[in-house]
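Number of protein chains: 2
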Amino acid sequence: MVGDAIGSKLVALGHKVMMGSRTANNEKANAWRTRNGSLASNGTFADAAAFGEIIFNCTQGQVSLEALQLAGRENLQGKILVDVANPLDFSKGMPPSLSVCNTDSLGEVIQRQFTDVKVVKTLNTMNCQLMVNPGLLSDPGNVFVCGNDAEAKAEVNLILKSFGWEKIIDLGDISAARGMEQLLPVWIRLMGTLGTAAFNFSIVK
Amino acid sequence: MVGDAIGSKLVALGHKVMMGSRTANNEKANAWRTRNGSLASNGTFADAAAFGEIIFNCTQGQVSLEALQLAGRENLQGKILVDVANPLDFSKGMPPSLSVCNTDSLGEVIQRQFTDVKVVKTLNTMNCQLMVNPGLLSDPGNVFVCGNDAEAKAEVNLILKSFGWEKIIDLGDISAARGMEQLLPVWIRLMGTLGTAAFNFSIVK
Chain A
1 MVGDAIGSKL VALGHKVMMG SRTANNEKAN AWRTRNGSLA SNGTFADAAA
51 FGEIIFNCTQ GQVSLEALQL AGRENLQGKI LVDVANPLDF SKGMPPSLSV
101 CNTDSLGEVI QRQFTDVKVV KTLNTMNCQL MVNPGLLSDP GNVFVCGNDA
151 EAKAEVNLIL KSFGWEKIID LGDISAARGM EQLLPVWIRL MGTLGTAAFN
201 FSIVK
Chain B
1001 MVGDAIGSKL VALGHKVMMG SRTANNEKAN AWRTRNGSLA SNGTFADAAA
1051 FGEIIFNCTQ GQVSLEALQL AGRENLQGKI LVDVANPLDF SKGMPPSLSV
1101 CNTDSLGEVI QRQFTDVKVV KTLNTMNCQL MVNPGLLSDP GNVFVCGNDA
1151 EAKAEVNLIL KSFGWEKIID LGDISAARGM EQLLPVWIRL MGTLGTAAFN
1201 FSIVK
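Here the protein sequences line up with chains A and B, keeping their order.
The first sequence runs 1 to 205 under my numbering.
The second sequence runs 1001 to 1205 under my numbering.
Structure below.
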């Protein structure tokens, strides 16, 4: 769902996008490609990682490392990796817990395991429709960004602005992913309380 | 600081307030009493717990259980305990981690250890000046509440409204304390990024 939303938005903005999956002919990826026209293509994780100048990790957090290993270190090297994933662990039932948190985060784990990649964590604190269409909310709120590489964050900020985001908060280095991922437990509670996923965090002053 | 802010506000609203400390003659508590006039008094944790109809836990989260044990089970029994504390662990340096999180929370630990007490978690997601004066911000944002007892939450909501809070979000039972306490890591990052503690979370739709 997240990859579909972000991939479709990027195509709508004129980018060439390859959707990666475990297999080259994943049914959902085929359907996404057909829906999105000539700028869209699909292949394996490795195909997509080799193709992309900027890589989006839109996998479920529990399988992100495996997907990135399948993508291939040599295909990711030197590139920006936009990490949208959350390490939600549903294996013990609802509500999910975080498989890594507090003194570490998925964003940091990925950065440590792929030292040649510029990991930028963003967009993980909201529903995927809102990620690519902040105008869905009368007040869109904030999107958070963190990562160790300033130029990579500047490039990602441009993408976020092209998605319609105006209030972008840079929380610093990749260790801020701890706080960003730890927003999920209250986000999940809020979804239950509000009865909708169409909401966001806004920082008010 | 938190006890001073909340105690002073309650006195200003006309409530009798006893500030509890480890010793009956704590210097800061004496100074707080002197500043706040005839409605203010101070004593031991046990004195304060016996005195109060509603108890506020404004201790540092690492010592909350010890303070509540000193307050005395018999003095707390059947009462509302407003838990404002966060389990921030500064022992490993900055930034602090949470000594309990993810699949448990300080609010839940207190509720499990003091089963006769009606724990209501609230106000832990902001600076103490803002807790008692939401008008400090041009947009005050939200205050969250959770707890197992609906009547206790209704009473606490009245207190929050008397503090000036309008947008109160009830997140359900005390297990929502997990999400509320896990807001602290991003709160601490935001304080560094924004250069001020004068901000709050607002949920926008």
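C-beta atoms are modelled at their ideal positions from N, C-alpha and C, and glycine is treated no differently.
Since the model is a prediction, treat every value here as computed from it, not as a measurement.
Query	Result
is_contact[Pro185 of chain A, chain B] using C-beta, thresh 8 Å	yes
Val143 of chain A versus A:Ala150, A:Asn75 and A:Ile159, residue with shortest Cα-Cα distance	A:Ile159
Residue-chain proximity (Thr1122 of chain B, chain A), Cβ-Cβ < 8 Å	no
Buried versus exposed call for Gly1003 of chain B [16 or more other C-beta atoms within 10 Å across all chains shown]	buried
Simplified DSSP state of Cys1128 of chain B, which is helix, strand or coil	helix
Reference Ser202 of chain A, options A:Leu183, A:Lys161 and A:Gly195, closest by Cα	A:Leu183
Cβ distance (whole Å) where Asn1057 of chain B is taken to contact Ala1085 of chain B below 8 Å	5 Å
Contacting positions in the segment 1093 to 1121 of chain B - beta carbon closer than 7 Å to chain A	Ser1097, Leu1098, Cys1101, Asn1102 and Thr1103
Ser1202 of chain B at chain A interface by Cβ criterion, 8 Å	yes
Buried versus exposed call for Glu1108 of chain B [16 or more other C-beta atoms within 10 Å across all chains shown]	buried
Length-filtered (3 minimum) beta strand (DSSP E) runs lying within the segment 5 to 84 of chain A	17 to 21, 40 to 44, 54 to 57 and 80 to 83
Val1145 of chain B, enclosing alpha helix (DSSP H) - first and last residue	That residue, Val1145 of chain B, is in no alpha helix (DSSP H); its beta strand (DSSP E) goes Val1143 to Gly1147.
Beta carbon of Ile1055 of chain B nearer than 8 Å to that of Leu1076 of chain B	yes
Residues bridged to Phe163 of chain A [DSSP beta-bridge criterion]	For Phe163 of chain A, which the question treats as bridged, DSSP gives no partner whatsoever.
Cβ neighbour criterion (16 or more within 10 Å) applied to Arg35 of chain A	exposed
Sheet register partners of Asn1200 of chain B (DSSP bridge)	A:Val204
Three-way DSSP call (helix, strand, coil) for Leu1098 of chain B in this model	strand
At least three beta-carbon pairs within less than 8 Å, the segment 1164 to 1180 of chain B to the segment 1115 to 1123 of chain B	yes
Listed by chain order, chain B residues near Met180 of chain A by CB distance under 9 Å	Pro1185, Val1186 and Arg1189
Member of B:Leu1106, B:Ser1021, B:Ala1029 and B:Thr1125 whose CA lies at the smallest distance from the CA of Met1191 of chain B	B:Thr1125
Cβ-based burial, Ser1021 of chain B [other Cβ within 10 Å; buried from 16]	buried
CA-to-CA distance, Gln62 of chain A to Leu283 of chain A, given in whole angstroms	Because chain A spans 1 through 205 in this model, residue 283 of chain A falls outside it and cannot be assessed.
Terminal residues of the alpha helix (DSSP H) in which Ile1188 of chain B lies	Leu1184 to Leu1194
When A:Ala12, A:Arg33 and A:Lys9 are compared against Met19 of chain A, the one with the closest alpha-carbon	A:Arg33
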